[in-house]
Amino acid sequence: GSIINTASFVASMGSATSQIAYTASKGGVLAMSRELGVQFAREGIRVNALSPGPVNTPLLQELFAKDAERAARRMVHIPMGRFADATEIAAAVAFLASDDSSFITASNFLVDGGISAAYVTPLDN
Numbered sequence: 035g036s037i038i039n040t041a042s043f044v045a046s047m048g049s050a051t052s053q054i055a056y057t058a059s060k061g062g063v064l065a066m067s068r069e070l071g072v073q074f075a076r077e078g079i080r081v082n083a084l085s086p087g088p089v090n091t092p093l094l095q096e097l098f099a100k101d102a103e104r105a106a107r108r109m110v111h112i113p114m115g116r117f118a119d120a121t122e123i124a125a126a127v128a129f130l131a132s133d134d135s136s137f138i139t140a141s142n143f144l145v146d147g148g149i150s151a152a153y154v155t156p157l158d159n
């Protein structure tokens, strides 16, 4: 079997805005997934965390429609230059649930457009 817990990229790198409870809870998801992944591995149960980056959802669209400058400030930090589509996150979940990931357990699968690897800062023009 496969258990996939949803965390967030902020669990690995922190948040640019004050989200202490959210960030701490997602860090807890990572620790729990790691421990359970080890504990149940020999029983054939894989446990992993999925850490998405910002996802283009109706809520995010509504928030940024009100403040285009705020959206631009967020977007510049994502190396791929865009937010994730929900189908991309779903595909990552499908992979972790499939036999193609049969040797992956106690891991954190980052699907964040590279934001956690290289927090991009805009160049001055």
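Taking the working numbering, I'd label the letters of the sequence shown as residues 35 to 159.
Where a beta carbon is used, it is the ideal one built from N, C-alpha and C, also for glycine.
Does DSSP put residue i in a helix, a strand or coil?
i	result
Asn-159	With a pLDDT of 49 at Asn-159, under the threshold of 50, the modelled position of this residue cannot be trusted; read the value that follows with caution. In the structure shown, Asn-159 sits in coil (DSSP, three-state: anything other than H, G, I, E or B).
Thr-121	helix
Thr-51	coil
Gly-148	coil
Ala-83	strand
Ser-42	coil
Phe-74	helix
Ser-36	strand
Phe-137	coil
Could you please give the first and the last residue of the uninterrupted alpha helix (DSSP H) stretch that includes residue i?
i	result
Arg-108	102-109
Glu-96	92-99
Between residue i and residue j, which are expected to be in contact by the criterion C-beta below 8 angstroms, what is the C-beta distance as a whole number of angstroms?
i	j	result
Ala-140	Gly-71	3 angstroms
Pro-88	Ala-118	7 angstroms
Starting from residue i, follow its DSSP beta bridges and name the residues at the other end.
i	result
Val-89	Ala-118
| Pairing CB atoms from the region 60-67 with CB atoms from the region 97-112, are three or more of them under 8 angstroms? | Touching, no, given that fewer than three Cβ pairs across the two stretches are closer than 8 angstroms.
| So does the region 128-137 actually touch the region 145-153, counting three or more Cβ pairs closer than 8 angstroms? | no
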